[in-house]
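Notes follow once the structure below has been shown.
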Amino acid sequence: ARSWSLQSWDRDTALEKLHVDLGVSPFFAVGVADRTIRLEPSGFTFPSYEYYADGKPDSFAGKVLGHYRELIEHVSSHLRDGPPTLANSVLADTIINYERRLLERLRPRENVTETDSLRTTVAQLTHLVPIVKWEQLLSAYFHGHSIGQDTPVLIVQPHYFNGLSQIISTTDTTTLNHYMMWRLVMKYAPHLDKTVRSEYFRFQRRIFGDEEPEEEWWEQCTRHTSHYLRHAVGYLYATRAAGNRVQDNIQQAEALAQRVKTSAIESVGEVAWLPEKGPLREKLTSLDFRVGYAFKDKPRQMDQFYLDLVVKLGSHLENVFEAERFLGRKKALMLNNRALLKEETAEDEAWTISAVDTQPTYNQELNTVVVPLAALQPPIFSLDDHLALQYGSFGSLMGRLVFEFLRQEGGNLFRSNATRASLQEKLHCLANRYLALNSTLPVNGPLVAPEALADLAGVTAAFRAFESDSHGKEKLPGMQWTAQQLFFIGYAQSMCEEVSLRRLQIWGLVSISAPKKLRVLQALQQSPEFGRTFDCNNEEWQSHICHAW
């Protein structure tokens with residue numbers, strides 16, 4: 001803009017304004033984990049260096065960067081209100097090269113020996129990254145909290161932060177400004193004028209291969225409202241639109257989840273390669289479930305939660321800015337001692353997703369599986385389904401999420417080097433099985449193997465929970481399948497998905513999750529229970545089993 005000048009621009013002021021007032025995260029993201037300030041790498045359009053590494057125009061990564069370069073050029077040209085300091089093509093190269101430089105500091109995800117996180121203090125953080133005025137920035141971010149040199153901080157991927165000062169200090173002011181302002185544009189592109197929104201949507205569609213038409217503005221507004229007012233929208237869905245079987249759905253889902261959890265705890269004792277069973281049992285025993293929606297039977301507390309949200313007439317963008325500040329204030333409250341949290345803040349902390357979301361999730365900080373109400377519908381869950389199908393679909397999903405901590409924490413759960421070595425041996429075996437499963441769906445085996453272990457453990461726990469249930473074993477009239485076979489059919493059916501070729505290419509590059517078709521093949525081929533149920537236990541079948549769970 002015309003008001004910008006090289007002499008008056010201040011890096012620390014800009015960084016604080018972006019993080020605190022606008023919810024933009026250049027260089028790093030600020031959050032809260034278990035009453036502790038959490039810092040993690042952020043500020044790149046693509047999540048991994050692999051996207052930036054191969055610049056050949058005909059390669060997949062090269063095409064992705066080409067689309068990104070085009071987005072920067074078109075949007076920057078549209079938004080400029082004065083003479084450009086750089087040609088649009090040069091600006092695009094500057095931003096891409098700078099993001100590439102930052103991502104070079106991220107460790108390869110396959111490197112399991114490097115420390116994932118570091119618990120430290122603001123004083124040590126300042127020593128690690130002296131170019132950022134941490135105490136000033138964090139005091140502004142967590143307004144009302146006393147932030148000092150001894151305030152604890154959790155750093156995710158400390159190797160990245162170790163090199164951050166050197167990168168920032170050797171970057172000229174103009175490049176820093178262009179990079180930080182581009183992060184602002186990418187954050188708010190979905191909320192700007194139609195030209196920018198269309199360019200952004202076109203970029204997303206080209207990257208992920210989506211064929212859906214561009215959303216109408218009212219559809220986008222609905223999505224934005226659901227994001228910023230997730231508890232309110234979820235409450236309306238649960239009480240006005242979800243039908244008259246809400247409580248029955250919740251009760252049955254909770255009962256199934258608890259049975260699968262009990263089965264999961266029991267299954268740990270049968271894992272031969274795991275000498276150190278205590279940490280897993282303790283983690284599983286303390287795990288909790290949240291099923292349904294936030295502020296159930298607490299409308300007054302929900303009103304209190306939204307009391308300080310400012311809504312203005314006439315300006316969508318101003319309301320988005322206010323909503324970002326509102327979410328920032330709510331995040332700051334999470335630093336309070338849990339015993340001192342107000343009821344509405346505790347409810348917000350527990351429900352990290354809205355009731356209208358369709359994907360259950362695992363909250364690592366609270367060791368809780370959160371199941372939104374909208375997830376309790378076919379093909380994942382239906383009260384009208386045979387019990388075998390309920391266990392096979394919803395039960396297996398709960399089992400998978402119950403063991404999600406094993407994927408996220410891995411060897412960090414265990415003190416024994418022998419246990420860690422055994423875990424890596426099983427993960428290595430699973431990683432090597434993908435190519436034989438389907439050579440046309442390439443994945444990065446070491447990245448997705450932890451997911452395969454969680455899938456297998458989850459299916460096993462769900463199947464054994466079904467076997468121990470006194471109901472649902474009768475064979476249906478006219479049905480050729482046994483109840484046990486229906487369980488696995490339900491599991492496979494619940495994992496159906498339609499995926500574009502472009503998304504498959506991304507999976508092969510950097511994803512920590514495999515296509516669901518591969519996940520089903522891997523879990524079932526590794527499952528002795530599946531082999532027995534469908535009479536597959538011949539020598540060839542046995543030779544493929546890693547005996548991972």
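For the record, in the sequence shown the residue sitting at position 187 is 187 according to the UniProt record's numbering, with numbers rising by one throughout. The beta-carbon is built from N, C-alpha and C at its ideal position, and this holds for glycine as well.
- For R290, the enclosing beta strand (DSSP E) covers residues D288 to G292.
- For L389, the CB contacts under 7 Å within the same chain, skipping 5 residues up- and downstream, are L486 and G490 in chain order.
- With contacts defined as CB atoms closer than 8 Å, R183 and P26 qualify as a contacting pair.
- Restricting attention to H316, F488 and P450, the CA atom closest to the CA of C429 is found in P450.
- With fewer than 16 other beta carbons inside 10 angstroms of its own, Q480 counts as exposed.
- Here DSSP, grouped into helix, strand and coil, assigns R119 to strand.
- Per the C-alpha coordinates, the member of A92, Y68, T173 and N363 positioned closest to W9 is T173.
- By alpha-carbon distance to G399, the top candidate from H127, D535 and L256 is L256.
- In the DSSP assignment, P450 falls within the unbroken alpha helix (DSSP H) covering G445 to S468.
- Secondary structure at T173: helix, using DSSP grouped into helix, strand and coil.
- Of the other Cβ atoms in all chains shown, 16 or more fall within 10 Å of the Cβ of Q252; this residue is therefore buried.
- Rounded to whole angstroms, the separation of the alpha carbons of P446 and N97 is 28 Å.
- Judged by DSSP in its simplified three-state form, V24 adopts coil rather than helix or strand.
- Contact between F414 and E276 holds, since their C-beta atoms are separated by about 5 Å, short of 8 Å.
- A232 sits away from M180, with the two beta carbons spaced by 8 Å or more.
- Ranked by how close their Cα comes to the Cα of T13, the residues W134, T126 and Q166 have W134 in first place.
- For I95, the enclosing alpha helix (DSSP H) starts and ends at N88 to L103.
- Separation of L376 and L125 (C-alpha to C-alpha, rounded to the nearest whole angstrom) is 44 Å.
- Note that the C-beta distance between A189 and R197 is below 8 Å.
- Three or more Cβ pairs closer than 8 Å define a contact, and the stretch 140-157 falls short of that threshold against the stretch 286-293.
- With a cutoff of 8 Å on beta-carbon distance, A355 and L373 are scored as near each other.
- Inside the stretch 272-320, DSSP marks whole beta strand (DSSP E) runs of 3 or more residues at positions 288-292, from first to last along the chain.
- Counting other Cβ atoms within 10 Å of its Cβ, L383 stays below 16 and is therefore classed as exposed.
- Linking T36 to L138 through their CA atoms gives a straight-line distance of about 12 Å.
- Nearest in C-alpha terms to V268, of all of H178, G458 and M495, is G458.
- Straight-line spacing of the CA atoms in E474 and V443 works out to 40 Å.
- Burial is judged here by how many other beta carbons sit within 10 angstroms of a residue's own beta carbon; N249 has at least 16 and is buried.
- Counting other Cβ atoms within 10 Å of its Cβ, W351 reaches 16 or more and is therefore classed as buried.
- Taken in chain order, the whole alpha helix (DSSP H) runs of length 4 or more contained in the stretch 349-409 are 387-390, 396-402 and 404-409.
- Under the three-pair Cβ rule at 8 Å, the stretch 362-370 does not count as touching the stretch 316-324.
- Within the DSSP secondary-structure output, A514 pairs in no beta bridge.
- An exposed status is given to Q136, since fewer than 16 other beta-carbon atoms sit within 10 Å of its beta-carbon.
- K330 and G243 have their alpha carbons spaced roughly 31 Å apart.
- Taking one beta carbon from each stretch, the stretch 516-529 and the stretch 492-500 have 3 or more pairs nearer than 8 Å; the two touch.
- By the neighbour-count definition (other C-beta atoms within 10 Å, threshold 16), G314 is an exposed residue.
- Bounds of the alpha helix (DSSP H) holding V246 are V246 to V268.
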